[in-house]
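K.L.:
This is the structure I have questions about; it appears just below.
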Amino acid sequence: MENVAKASIDDLDSIVHIDIDVIGDDSRRNYIKHAIDEGKCIIAKEDNSISGFLTYDTNFFGYTFLSLIIVSPTKRRQGHASSLISYMLSNSPTQKIFSSTNESNANMQKVFKANGFMRSGMIENLDEGDPELIFYIKKLRA
Numbered sequence: 143m144e145n146v147a148k149a150s151i152d153d154l155d156s157i158v159h160i161d162i163d164v165i166g167d168d169s170r171r172n173y174i175k176h177a178i179d180e181g182k183c184i185i186a187k188e189d190n191s192i193s194g195f196l197t198y199d200t201n202f203f204g205y206t207f208l209s210l211i212i213v214s215p216t217k218r219r220q221g222h223a224s225s226l227i228s229y230m231l232s233n234s235p236t237q238k239i240f241s242s243t244n245e246s247n248a249n250m251q252k253v254f255k256a257n258g259f260m261r262s263g264m265i266e267n268l269d270e271g272d273p274e275l276i277f278y279i280k281k282l283r284a
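Residues 143 to 284 in our numbering are what the sequence shown spells out, letter by letter.
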């Protein structure tokens, strides 16, 4: 059974291990640690093992921005990203929620669309030749 909750500092090494599996290094370790310290890192656990994580902030024009949505390569296509997003739809500190992915990341675009996000814009020149697509949704009302 999957459990989604805020990460604790005890989860840092497991989270960074997943990030290394995805990007090949631990360059985001300090960023992830800071997100945990700020209470802005969410984990999905299955059978007491972390399957994925999400980080967010509220620095995107005062709205929640889902910065990272990362699922272990061996746990993909099992609904973990959607579970993390669903948690944020219920617990976001702001009514509007934004996120982004590269134009080349068709799988993540499908995840956003499946979770009710609408495309909201595009930023060019972050990754040469691969624009960043911005997605948006309004938080579920309690």
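Virtual Cβ for every residue (Gly too), placed ideally from N, Cα, C. Since we're looking at a predicted model, the values are computed, not measured.
Leaving out five residues before and five after SER246 in sequence, what residues of the same chain have Cβ atoms less than 7 Å from its Cβ?
P.N.:
Cβ within range, chain order: ASP272.
K.L.:
Hey, is the stretch 203-210 in contact with the stretch 229-239, meaning 3+ C-beta pairs nearer than 8 Å?
P.N.:
Touching, yes, given that three or more Cβ pairs across the two stretches are closer than 8 Å.
K.L.:
Whole angstroms is fine: what's the gap from GLY166's alpha carbon to ARG219's?
P.N.:
Rounded to whole angstroms, GLY166 to ARG219 spans 20 Å at the Cα level.
K.L.:
Looking at GLY258: is its Cβ nearer than 9 Å to the Cβ of ILE276?
P.N.:
No. Outside cutoff.
K.L.:
Going by alpha carbons, who is nearest to GLY181 out of ASP161, LYS148, ARG170, TYR173?
P.N.:
Looking at the Cα atoms, LYS148 is the closest of the given residues.
K.L.:
Would VAL213 and ILE160 qualify as a contact pair, given that the criterion is a beta-carbon distance under 9 Å?
P.N.:
In contact: VAL213 and ILE160 (Cβ atoms closer than 9 Å).
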